[in-house]
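Colleague: To get the numbering used here, take the position in the sequence shown, counting from 1, and add 25.
For glycine and all other residues, C-beta sits at the position ideal for the given N, C-alpha and C.
My questions will all concern the structure given below.
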Amino acid sequence: MSVVFIEPNKERRKKLKRVFNQEHIFFIQDVPEIHAQIAKVKPNLVVIDLDYPFPGKFLFPPASDFLIIGLGNVYRLKNLSNSFYAILEYNDQGINGLKLLLNQFPSLAPNRNTGSQLFGECDNFKSILKQACTIADMDVHILLTGETGTGKTELARFIHNQSSRSMKPFMHINCASIPENLLESELFGYKKGAFTGADNNYIGKFLAAEDGTILLDEIGEISSFLQAKLLKVLDEKSLFPLGDNRPVEVKARIIAATNQNLNKAVEERRFRQDLYYRLNTIEIHIPPLRERIEDIPVLFRHFLNLQAQILNIPVPDVEPEIYEILKGFSWPGNIRQLHNLVQTLLYPKPNNLSVGDLPLWLIGSAESVLLKSAAHQHSLEQMKKDYAGYLYKLNKKNKLKTAKMLGIDVKTLRKLL
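Set out below in structure tokens:
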């Protein structure tokens, strides 16, 4: 395993070298040379000094295949738009924590793509990440809301990784994917013989999380019976595994996530009001991708780099028109849909991507082109020209094919072009 320390401060560099004076550990002091040196060393882990005032917007290469750990003040994150595995204070306790992480690194390696969807340049999303960092170490319950595919699970994991609980388990359970009769035992565990088929003790997700984090995904789907049991766990900070009459302490921090409007569910008596208030100590709403238009090209390039790395192929060139089409689409599946699109596009391992490579669901309805044209308040005639030009490019400048798609003759098409 190779580790790179980015530490421009001479005194701190000396201290770190005394503690981490090992083979395969490298120190970078010149900020302009960071990218070149990282490309040369190809590290598994990068440790960066968050207290250093990096100039402008500092970014690691988007396809970076390493974990990132920050040492220092979390509020410096405003100039570092990467998802960190952990943030440690720049003191003896933080250094000891880093040593522990280095010793455990082989078990951390599978998680190195954690937070891969947490990219964005829009102010709204930056404020979400800043808030997540601020509350990471607060001992409160958190409710994450947003449409399906917006990145609620990734944000929950990000909050966990920024907290002092980051070395503890992160347990994710999707409440909607487990039948109601099994969800209770999955959450709270059971003792041997508690019911037919309980041949062994089962600890359950709450206790398996220890004093780490448990994410209750799709919390709005649980039954009124389980809502009552969950409320009791939150109130008493303990639970009774099925078949056991002794309470067991619950130490895990709870993050709940939902794509439902729980306020409305409370009004309709589908969700307990008291449970809603207990879970909703702090709420973070993640906006849908269609409200983060400027982030769509950023995310597309990021997923493109990741997928190219997985397939071990060069990152293909992208025709500029593709970005306009992506920004014009409504993305009902949000970031997950965009990620899946990239996987589909790179499956044939192309050298470049053109409009013609895009699937029909993205371009067939002309939604992206016409919406963009309408947004610019174009006249109906100009919208016709925009769409004709778009199909012309799609058909690789084949006038006959384009005219046939439009239901016009080639002479009329020439006027539109």
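Could you spell out the range, first to last residue, of the beta strand (DSSP E) harbouring Glu-308?
Modeller: Its beta strand (DSSP E) spans residues 307-310.
Colleague: Determine which residues share a DSSP beta bridge with Ser-263 and list them.
Modeller: The partner list for Ser-263 (beta bridge, DSSP) reads Glu-274.
Colleague: Please report how far the alpha carbon of Asn-69 lies from the alpha carbon of Glu-292, in whole angstroms.
Modeller: Asn-69 and Glu-292: Cα-Cα distance of roughly 50 Å.
Colleague: Helix, strand or coil for Thr-173, going by three-state DSSP, please let me know.
Modeller: Of the three classes helix, strand and coil, the one that applies to Thr-173 here is coil, per DSSP.
Colleague: Distance check for Ile-311 and Phe-150, CA to CA, integer angstroms please.
Modeller: Approximately 8 Å between the Cα atoms of the pair.
Colleague: Note down, in chain order, each residue of its chain lying with its Cβ closer than 8 Å to the Cβ of Leu-320, except the 5 sequence neighbours on either side.
Modeller: The amino acid at residue 320 is misidentified as Leu; the sequence shows Asp. Taken in chain order, the residues that qualify are Phe-144, Gly-145, Glu-146, Cys-147, Phe-150 and Leu-314.
Colleague: Considering only their Cβ atoms, is the gap separating Asn-199 from Glu-243 smaller than 8 Å?
Modeller: Yes; because the gap between Cβ atoms is below 8 Å, this pair is in contact.
Colleague: Alpha carbon to alpha carbon, how far is Ile-280 from Ala-181? Give it in angstroms, no decimals.
Modeller: Rounded to the nearest angstrom, the two C-alpha atoms are 7 Å apart.
Colleague: Using 10 angstroms around the beta-carbon of Lys-262, count the other beta-carbons present and answer buried if the total reaches 16, otherwise exposed.
Modeller: Label assigned to Lys-262: exposed.
Colleague: Going by DSSP, which residues form a beta bridge with Met-196?
Modeller: DSSP lists Ile-239 as partners of Met-196.
Colleague: Helix or strand or just coil, what does DSSP make of Phe-220?
Modeller: Looking at Phe-220 - three-state DSSP - the assignment turns out to be coil, as it is neither helix nor strand.
Colleague: Where Gly-358 and Pro-33 are concerned, what is the direct C-alpha to C-alpha distance, given to the nearest angstrom?
Modeller: Taking the straight line from one Cα to the other gives about 43 Å.
Colleague: Could you tell me the distance, in whole angstroms, from the CA atom of Val-72 to the CA atom of Glu-114?
Modeller: So the alpha carbons of these two residues sit roughly 12 Å apart.
Colleague: Assuming Ile-59 contacts Ile-50 under a Cβ cut-off of 8 Å, what Cβ separation, rounded to an integer in Å, is found between them?
Modeller: The Cβ separation is near 16 Å, so there is no contact.
Colleague: Candidates Leu-363, Leu-385, Leu-371 and Phe-354: which alpha carbon is nearest Asp-342's?
Modeller: For the residues Leu-363, Leu-385, Leu-371 and Phe-354, the minimum Cα distance to Asp-342 belongs to Leu-371.
Colleague: Let me know if Tyr-302 comes out buried or exposed under the rule of 16 or more other beta-carbons within 10 Å of its beta-carbon.
Modeller: When all chains shown are included, Tyr-302 counts as exposed.
Colleague: Bridge partners of Val-323, per DSSP?
Modeller: Its beta-bridge partners do not exist; DSSP assigns none.
Colleague: Between the segment 331-338 and the segment 363-377, can you find at least three pairs of beta-carbon atoms closer than 8 Å?
Modeller: The answer is yes - the segment 331-338 touches the segment 363-377, with three or more Cβ pairs under 8 Å.
Colleague: Using DSSP with H/G/I as helix, E/B as strand and the rest coil, what is Ala-64?
Modeller: Residue state, collapsed to three classes: helix.
Colleague: Quick check on DSSP: helix, strand or coil for Tyr-301?
Modeller: Three-state DSSP puts Tyr-301 in a helix.
Colleague: Between Thr-139 and the rest of its own chain, which residues show a CB-CB distance below 6 Å, the 5 nearest in sequence each way excluded?
Modeller: Low per-residue confidence applies at Thr-139: pLDDT is 40, beneath 50, and the placement is therefore not dependable enough to give any value.
Colleague: Label Leu-21 either buried or exposed according to how many other C-beta atoms from any shown protein chain fall within 10 Å of its C-beta, with 16 as the threshold for buried.
Modeller: For the chain, the structure presents residues 26 to 442; residue 21 sits outside this window and is missing.
Colleague: Name the residue from Gly-245, His-197 and Ala-219 whose alpha carbon lies nearest to the alpha carbon of Leu-212.
Modeller: Considering only alpha carbons, the answer is His-197.
Colleague: Tell me the rounded alpha-carbon separation between Leu-351 and Lys-418.
Modeller: Looking at the two C-alpha atoms, the distance is approximately 16 Å.
Colleague: With a Cβ-Cβ cutoff of 8 Å, do Ile-184 and Ala-161 count as a contact?
Modeller: The answer is yes: Cβ separation under 8 Å.
Colleague: Classify Thr-170 as buried or exposed, calling it buried when 16 or more other Cβ atoms lie within 10 Å of its own Cβ.
Modeller: It counts as buried.
Colleague: Look at the alpha carbon of Glu-235 and the alpha carbon of Met-192, and state the distance between them as a whole number of angstroms.
Modeller: Approximately 11 Å, taken between the alpha carbons.
Colleague: Tell me Ile-279's beta-bridge partners as DSSP assigns them.
Modeller: Its beta-bridge partners are Ile-239.
Colleague: What is the DSSP secondary structure of Val-340, reduced to helix, strand or coil?
Modeller: Reduced to three states, the DSSP call for Val-340 is coil.
Colleague: For Ile-94, which of Leu-232, Phe-30 and Asp-260 has the nearest alpha-carbon?
Modeller: Nearest option by C-alpha distance: Phe-30.
Colleague: Could you say which of Glu-344, Thr-175, Asn-337 and Leu-251 lies nearest to Asn-206 if we only look at CA atoms?
Modeller: Closest option to Asn-206, Cα to Cα, is Leu-251.
Colleague: Provide the residue(s) that pair with Ile-31 in DSSP beta bridges, ordered along the chain.
Modeller: Paired residue(s): Ile-53 and Ile-73.
Colleague: Please state whether DSSP places Leu-168 in a helix, a strand or coil.
Modeller: Here Leu-168 sits in strand by DSSP.
Colleague: Taking DSSP as the reference, what is the three-state secondary structure of Leu-41?
Modeller: Helix at Leu-41.
Colleague: What is the DSSP secondary structure of Leu-143, counted as helix, strand or coil?
Modeller: Looking at Leu-143 - three-state DSSP - the assignment turns out to be coil, as it is neither helix nor strand.
Colleague: State buried or exposed for Ala-428, treating a residue as buried only when at least 16 other CB atoms are found within 10 Å of its CB.
Modeller: Looking at its Cβ environment, which holds 16 or more other Cβ atoms inside 10 Å, Ala-428 is buried.
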